[in-house]
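2 protein chains.
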Amino acid sequence: MVNASIITIGDELLIGQVIDTNSAYIAQELNKAGITVKRRVAVGDVPNDIQKALDEDSKHSEVILITGGLGPTSDDITKPLLCKYFNGRMIVNNDALKNVIYLFEKVFKKPVTEVNLKQAEVPDVCTVIQNKRGSAPGMWFEKDGKIFVSMPGVPNEMKGMMEEVIEKLKNKFELPVIIHKTLLTAGIGESMLAEVIKDFEAALPSHIKLAYLPNYGMVRLRLTTSGYDKTATEKEITSQFETLKMLAKEYLVTDEDEPLEKVVGKIISAKNKTMGTAESCTGGYIAHLITSHHGSSTYFKGSVVSYDDEIKKNVLNVSMQTLQTVVAVSEETVKEMLKGALNILKTDYAIAVSGIMGPDGGSTEKPVGTVWIAAGNENNHQTLKLNLRFDRMRNIQVTAITALNLLRKFILSEPFV
Amino acid sequence: MVNASIITIGDELLIGQVIDTNSAYIAQELNKAGITVKRRVAVGDVPNDIQKALDEDSKHSEVILITGGLGPTSDDITKPLLCKYFNGRMIVNNDALKNVIYLFEKVFKKPVTEVNLKQAEVPDVCTVIQNKRGSAPGMWFEKDGKIFVSMPGVPNEMKGMMEEVIEKLKNKFELPVIIHKTLLTAGIGESMLAEVIKDFEAALPSHIKLAYLPNYGMVRLRLTTSGYDKTATEKEITSQFETLKMLAKEYLVTDEDEPLEKVVGKIISAKNKTMGTAESCTGGYIAHLITSHHGSSTYFKGSVVSYDDEIKKNVLNVSMQTLQTVVAVSEETVKEMLKGALNILKTDYAIAVSGIMGPDGGSTEKPVGTVWIAAGNENNHQTLKLNLRFDRMRNIQVTAITALNLLRKFILSEPFV
Numbered sequence: 258m259v260n261a262s263i264i265t266i267g268d269e270l271l272i273g274q275v276i277d278t279n280s281a282y283i284a285q286e287l288n289k290a291g292i293t294v295k296r297r298v299a300v301g302d303v304p305n306d307i308q309k310a311l312d313e314d315s316k317h318s319e320v321i322l323i324t325g326g327l328g329p330t331s332d333d334i335t336k337p338l339l340c341k342y343f344n345g346r347m348i349v350n351n352d353a354l355k356n357v358i359y360l361f362e363k364v365f366k367k368p369v370t371e372v373n374l375k376q377a378e379v380p381d382v383c384t385v386i387q388n389k390r391g392s393a394p395g396m397w398f399e400k401d402g403k404i405f406v407s408m409p410g411v412p413n414e415m416k417g418m419m420e421e422v423i424e425k426l427k428n429k430f431e432l433p434v435i436i437h438k439t440l441l442t443a444g445i446g447e448s449m450l451a452e453v454i455k456d457f458e459a460a461l462p463s464h465i466k467l468a469y470l471p472n473y474g475m476v477r478l479r480l481t482t483s484g485y486d487k488t489a490t491e492k493e494i495t496s497q498f499e500t501l502k503m504l505a506k507e508y509l510v511t512d513e514d515e516p517l518e519k520v521v522g523k524i525i526s527a528k529n530k531t532m533g534t535a536e537s538c539t540g541g542y543i544a545h546l547i548t549s550h551h552g553s554s555t556y557f558k559g560s561v562v563s564y565d566d567e568i569k570k571n572v573l574n575v576s577m578q579t580l581q582t583v584v585a586v587s588e589e590t591v592k593e594m595l596k597g598a599l600n601i602l603k604t605d606y607a608i609a610v611s612g613i614m615g616p617d618g619g620s621t622e623k624p625v626g627t628v629w630i631a632a633g634n635e636n637n638h639q640t641l642k643l644n645l646r647f648d649r650m651r652n653i654q655v656t657a658i659t660a661l662n663l664l665r666k667f668i669l670s671e672p673f674v
Numbered sequence: 258m259v260n261a262s263i264i265t266i267g268d269e270l271l272i273g274q275v276i277d278t279n280s281a282y283i284a285q286e287l288n289k290a291g292i293t294v295k296r297r298v299a300v301g302d303v304p305n306d307i308q309k310a311l312d313e314d315s316k317h318s319e320v321i322l323i324t325g326g327l328g329p330t331s332d333d334i335t336k337p338l339l340c341k342y343f344n345g346r347m348i349v350n351n352d353a354l355k356n357v358i359y360l361f362e363k364v365f366k367k368p369v370t371e372v373n374l375k376q377a378e379v380p381d382v383c384t385v386i387q388n389k390r391g392s393a394p395g396m397w398f399e400k401d402g403k404i405f406v407s408m409p410g411v412p413n414e415m416k417g418m419m420e421e422v423i424e425k426l427k428n429k430f431e432l433p434v435i436i437h438k439t440l441l442t443a444g445i446g447e448s449m450l451a452e453v454i455k456d457f458e459a460a461l462p463s464h465i466k467l468a469y470l471p472n473y474g475m476v477r478l479r480l481t482t483s484g485y486d487k488t489a490t491e492k493e494i495t496s497q498f499e500t501l502k503m504l505a506k507e508y509l510v511t512d513e514d515e516p517l518e519k520v521v522g523k524i525i526s527a528k529n530k531t532m533g534t535a536e537s538c539t540g541g542y543i544a545h546l547i548t549s550h551h552g553s554s555t556y557f558k559g560s561v562v563s564y565d566d567e568i569k570k571n572v573l574n575v576s577m578q579t580l581q582t583v584v585a586v587s588e589e590t591v592k593e594m595l596k597g598a599l600n601i602l603k604t605d606y607a608i609a610v611s612g613i614m615g616p617d618g619g620s621t622e623k624p625v626g627t628v629w630i631a632a633g634n635e636n637n638h639q640t641l642k643l644n645l646r647f648d649r650m651r652n653i654q655v656t657a658i659t660a661l662n663l664l665r666k667f668i669l670s671e672p673f674v
C-alpha cells in the first residue's frame with residue numbers, strides 16, 4: 258500500500274476563517290488512484306510547524322501533498338521553506354515565467370509587477386508542475402524515495418494541477434485498486450440499522466471495512482476494500498454489497514454515492530417529467546441543490562422563492578384569508594403554495610416549504626424549527642410537519658433534504674399508469 | 258500563550274467523502290477565547306494513528322480537542338481507545354444514561370437498544386460533558402497539565418458542547434485576547450494590493466500579522482494580534498487597521514469580517530428598501546446566500562428562478578423575440594429579466610443573471626463560462642458580462658458574488674435624493 262499525507266498551510270485554516278475543501282478533493286483523487294490517505298494536517302504560516310509536519314508525515318507516508326503559501330505576498334513562505342528543506346537554490350523557471358507573463362498580458366490584462374515575476378522562481382531541486390489557472394507553479398520534490406508535491410491553496414488552481422500529479426504518481430508506484438460501495442438509507446436511525454445488519458457486519462471479512470455515515474436524518478453505509486487483482490477485488494465487494502442492499506432494502510434510497518437531489522432527478526427524468534419548487538424558509542436552497550448538478554435542466558424548470566408573504570399571495574396565489582387566519586407556516590399555506598407553483602411554473606411535480614428557521618421569529622404555538630412541507634402533483638400531494646431544533650443553516654439543510662425525500666416517496670408511491 | 262490542536266477522527270475525512278467543517282468552527286471558538294490553534298490533524302479510525310496524533314500534538318499543545326468516533330456502532334473506536342490511553346476503566350455515567358433514555362423515549366420516540374445504552378458508559382478517569390443534542394457524551398481528560406476533550410463528530414452535537422468546553426478552558430488557563438481585524442476589497446488583485454500597502458506592511462510591528470485572503474476575485478486583508486492587556490492591544494491594532502483602511506479606501510467594500518451579501522443587505526436596509534433576484538444559471542444560489550443570514554427578511558422579498566426559458570417568458574415576461582433572436586444568455590435577456598423581477602416581485606432593486614455554467618452547453622460564440630448580469634431599479638441599471646473558466650460550482654459562486662457586487666456598486670453610485 259502507498260500511503261499519503263496532505264499538509265495544508267495557512268493561518269486562515271487555524272482561525273476558522275475558511276473551511277478546508279482542498280483536502281477533501283485531494284483525498285478523493287488519491288483514493289481513486291489507489292493511494293490511501295493516512296492523515297491530513299493543517300498548520301499555520303510558521304516555518305517550524307511546517308517543517309515538523311514535513312518531518313513527521315514523511316515518516317509514515319510515501320507521498321506528501323502540500324497546498325498553500327505559494328502566493329506572491331510576504332505571508333506566503335512555503336516556497337523558500339521547501340527550497341531550504343530540500344537544500345536547493347532559487348532559479349527562474351522559463352516555462353513558469355512565460356506563464357506568468359501570458360496570464361497578466363492576455364488573461365488578467367494587467368501590468369506584470371516585480372512581485373509576480375518572482376513567482377516564476379523555483380528551487381533547482383524540483384520538477385515544475387505548470388499552473389494553467391494561475392501564476393504560482395507547482396513543485397515536485399523527491400527525497401529518500403518519498404514524493405513531496407507543493408500546490409497553490411486556491412482550490413481552482415490546485416484542481417488544475419491534480420491530474421498531472423496523479424499521472425506522475427501512477428508512473429512512480431505500483432498501485433492497488435481501492436473500491437468503495439456506498440448506499441443511502443432513509444427512515445431508520447444509525448443504531449436500529451446496526452441491529453438490522455448485525456450478523457452481516459459480524460461475518461464481514463476483516464479486509465472489507467463497513468462505515469456508518471449519518472447525516473440529515475439519513476444514514477449512508479459504505480463498504481471499502483482494496484487489492485491488486487482488480488477483478489477479484491471488485492467481485493468480492495460487489496457480492497457483499499448486494500447482500501447489504503438486500504438487508505437494507507426496506508430503507509434503501511440509492512445504491513450509488515450520490516446526493517438525494519440527484520436520486521430525485523433521475524426518477525423524474527426517467528418518467529420524462531418536470532419539477533419546480535416554491536420556497537419560503539429554504540430561500541432557494543432546494544433549487545440551488547438541484548441546479549448545482551449538471552444536467553438538471555432536463556427536469557428542473559424553476560422556482561418561486563416567496564420569502565415575503567406578498568410573493569406568496571401575488572405570485573403563488575396563496576389566498577389572503579389563509580395567510581391571515583392560519584398564517585404562513587401552516588399546512589394550508591404549503592398546499593396552496595404547491596398548487597400555485599404547479600400552476601405558474603407549469604411543472605408535473607413541485608415541492609413547497611414554509612417554516613421558521615430561527616434564531617428568532619418563533620412563538621409558543623409555532624416555535625423556531627416549525628416547518629410545513631408539501632410535495633405532489635396537480636392531482637395529489639403529501640404534507641409533512643417538522644419540529645427542528647438545529648441552528649439556522651442546518652434547519653435549512655434538513656428541511657431541503659426532507660422535502661426532496663417527501664417528493665421521492667410521493668413519486669414512488671404513485672400508481673403506474 | 259495557550260496552544261491547541263484539533264484532532265478529527267474518521268475514515269470519511271480521509272477519502273474525501275465529507276468536508277471537515279467542525280475544525281473551522283472549533284478553531285473560531287478557541288480563537289475568540291484567546292487560545293491559538295497550532296494545528297489540525299485528521300486521522301482515520303485506526304488506533305495507532307489516533308494514538309500517534311495524541312502523542313505528537315500533546316507535545317506542542319496544552320489543549321487537544323478531538324471529534325468523531327463516538328457513535329454507537331463498531332467502527333467508532335475513540336472511546337475505548339481514550340479509556341486505554343488514559344488508563345481508565347469503563348463505568349456507566351448516570352446523567353448520560355438518563356439523557357440516552359430521555360432522548361429515545363421523548364425525542365426520537367423509538368425503543369432504546371442495548372447499543373444505545375452502551376453510549377452512557379465512559380472511562381472513570383474523565384469528566385462528562387453532557388450532550389443535549391444526541392446520545393454520545395463528551396469527555397474531558399486531564400494529564401500532565403494537558404487537557405484532552407473528546408466530542409461527537411456530528412456538527413450539531415459538537416456545537417452544543419463547545420460552550421461548556423470553552424467555559425471550562427477559561428477557568429483553567431489565564432488567556433490573552435486575540436484580535437482579528439478584517440477588511441474586504443474589490444476591484445484589485447492580490448499583488449497590486451500588495452504594492453499599494455507595501456510601506457505599511459514593511460513598517461508593521463512583528464507582533465501584528467497581516468494576511469491576504471483572495472477569493473472570488475476579491476481580496477480580504479486581515480490583521481491579527483494578541484495580548485494580555487485588552488485595552489492596549491485593542492488600541493494598537495485599531496490604529497493600524499485605520500491606516501490600512503485609508504490606504505485601501507478606493508477598493509474597500511467592508512471593514513468587518515462579513516460576507517458580501519450581508520454588506521449589500523445592510524446598504525439596502527439602511528435605505529429602507531427591498532430587493533429580489535431573477536436567477537437562471539445561478540439557480541437560486543444568490544437567494545440562498547442572502548436568506549442564509551438571519552434578518553434578511555427585512556429587505557429580501559423573493560426570487561424567480563427561471564431555469565427554463567419558459568419561466569423567463571411566462572413569469573418574468575421576457576419577450577419571445579428576445580429569447581429566439583439574441584437567446585437566453587444575452588444582455589437584452591438579463592435586462593428584460595430584471596424588469597420582470599422588479600415588476601412581479603415589487604421590489605426596489607433586483608439582480609438578474611443568465612449564463613452557461615458548464616461543463617457543457619457552450620458554443621463557439623458563447624462558450625461555457627459566458628454570463629450576463631444586470632442589477633438596478635426601475636429607472637436605471639448596470640449590466641456586466643463575465644467569461645469564467647472554472648468548474649460548474651465555482652462558476653455559480655463567482656457569478657453570485659459578482660452580481661451582488663454589481664448591485665452594491667449600482668446602489669452606491671445612485672444620486673442622493
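Chain order of the listed sequences is A and B. Under the working numbering, the first residue of the first sequence carries the number 258, and numbering increases by one thereafter. Under the working numbering, the first residue of the second sequence carries the number 258, and numbering increases by one thereafter. The beta-carbon is built from N, C-alpha and C at its ideal position, and this holds for glycine as well. These numbers were taken from a predicted model, which means no experiment stands behind them.
Check your understanding: What residue does the alpha helix (DSSP H) around methionine 209 of chain B start on, and which one ends it?
Key -> This structure leaves residue 209 of chain B out entirely; chain B is present only between 258 and 674.
Point to revise | Close Cβ partners of isoleucine 263 of chain B (< 7 angstroms) along its chain, the five nearest in sequence each way excluded | key: Ser280, Ile283, Ala284, Val294, Arg297, Leu322
Practice item. Grab the span of the alpha helix (DSSP H) containing tyrosine 282 of chain B for me, first residue to last. Key: 279-289
Exercise for review: Report the neighbours of glycine 446 of chain B on chain A: residues whose CB is nearer than 8 angstroms to its CB, in chain order.
Suggested key: Phe365, Lys367
Check your understanding: Are the stretch 491-503 of chain B and the stretch 345-365 of chain A in contact at 8 angstroms, needing three or more beta carbon pairs?
Key -> no
Exercise for review: Could you list which residues in chain A have their beta carbon closer than 7 angstroms to that of phenylalanine 557 of chain B, in chain order?
Suggested key: Tyr564
Exercise for review: Run through the stretch 331-409 of chain B for me and flag every whole alpha helix (DSSP H) of 4 or more residues, listed as ranges in chain order.
Suggested key: 335-342, 351-359, 371-374
Point to revise | Contacting residues, own chain, Cβ-Cβ under 6 angstroms from methionine 408 of chain A (five flanking each side not counted) | key: Thr324, Gly395, Met415, Met418
Exercise for review: Give the single residue among A/Thr531, A/Thr539, A/Val575 whose Cα lies nearest to the Cα of tyrosine 556 of chain A.
Suggested key: A/Thr531
Practice item. For aspartate 565 of chain A, count neighbouring C-beta atoms within 10 Å of its own C-beta (all shown protein chains included) and say buried if the count is 16 or more, exposed if not. Key: buried
Point to revise | Candidates A/Ala632, A/Lys570, A/Phe647, A/His464: closest to serine 670 of chain A by CA position | key: A/Ala632
**Study point:** N- and C-terminal bounds of the beta strand (DSSP E) containing lysine 466 of chain B
**Key:** 466-472
Check your understanding: Which value, in whole angstroms, describes the spacing of the CA atoms of lysine 425 of chain B and alanine 261 of chain B?
Key -> 14 angstroms
Practice item. Determine the DSSP secondary structure at serine 262 of chain A, reduced to helix, strand or coil. Key: strand
Point to revise | Cross-strand partners of tyrosine 556 of chain A (DSSP beta bridge) | key: According to DSSP, tyrosine 556 of chain A bridges with nothing at all.
Check your understanding: How is threonine 582 of chain B classed by DSSP in three states: helix, strand or coil?
Key -> helix
Review point. Is it the case that the Cβ atoms of isoleucine 543 of chain A and leucine 602 of chain B are separated by a distance below 9 angstroms?
Key: no
Practice item. For lysine 438 of chain B, name the three-state secondary structure that DSSP assigns. Key: strand
Review point. Which residues, in order along the stretch 505-538 of chain B, keep a beta-carbon less than 7 angstroms from a beta-carbon of chain A?
Key: none
Point to revise | Classification of serine 563 of chain A by the beta-carbon crowding that lies within 10 angstroms, buried from 16 upward | key: buried
Review point. Of all the CB atoms in chain B, is at least one closer than 9 angstroms to the CB of methionine 594 of chain A?
Key: no
Point to revise | Rounded straight-line distance, which links the Cα of glycine 391 of chain A to that of valine 411 of chain A | key: 9 angstroms
Check your understanding: Which whole-angstrom value describes the C-beta separation of leucine 432 of chain B and valine 259 of chain B, a residue pair presumed to lie in contact below a C-beta threshold of 8 angstroms?
Key -> 6 angstroms
Practice item. Name, please, each residue of chain B whose Cβ falls closer than 7 angstroms to the Cβ of glutamate 319 of chain A. Key: Under the 7 angstroms cutoff, chain B gives no residues; its nearest Cβ is about 15 angstroms from glutamate 319 of chain A.
Practice item. Would you kindly work out how many angstroms separate the C-alpha atoms of threonine 539 of chain B and asparagine 373 of chain B, rounded to a whole number? Key: 43 angstroms
Check your understanding: Among residues of its own chain, excluding the 5 on either side of alanine 443 of chain A, which ones have a beta-carbon nearer than 7 angstroms to its beta-carbon?
Key -> Met475, Tyr508, Val510, Asn662
Review point. Who are the Cβ neighbours of glutamate 588 of chain A in its own chain at under 8 angstroms, not counting the five residues just before and after it?
Key: Trp629, Ala631, Thr640, Lys642
Check your understanding: What in chain B is Cβ-close to histidine 545 of chain A, meaning under 7 angstroms?
Key -> Gly540, Gly541, Tyr542, His545
**Study point:** Stretch pair the stretch 583-599 of chain A + the stretch 579-588 of chain B: three plus CB contacts closer than 8 angstroms
**Key:** no
Point to revise | Coarse secondary structure for methionine 577 of chain A, derived from DSSP in three states | key: helix
Exercise for review: Check distances from the C-beta atoms of the stretch 573-584 of chain A to those of chain B and list, in chain order, the residues that come in under 9 angstroms.
Suggested key: none
**Study point:** Extent of the continuous beta strand (DSSP E) to which glutamine 639 of chain B belongs
**Key:** 638-644
Review point. Lysine 623 of chain B to threonine 656 of chain B, Cα distance in whole Å?
Key: 16 angstroms
**Study point:** Any C-beta of chain B under 9 angstroms from that of leucine 663 of chain A
**Key:** no
Review point. The alpha helix (DSSP H) spanning isoleucine 272 of chain A covers which residue range?
Key: Premise fails: isoleucine 272 of chain A is in no alpha helix (DSSP H) and is neither H nor E.
Check your understanding: Does lysine 309 of chain A have its Cβ less than 9 angstroms from a Cβ in chain B?
Key -> yes
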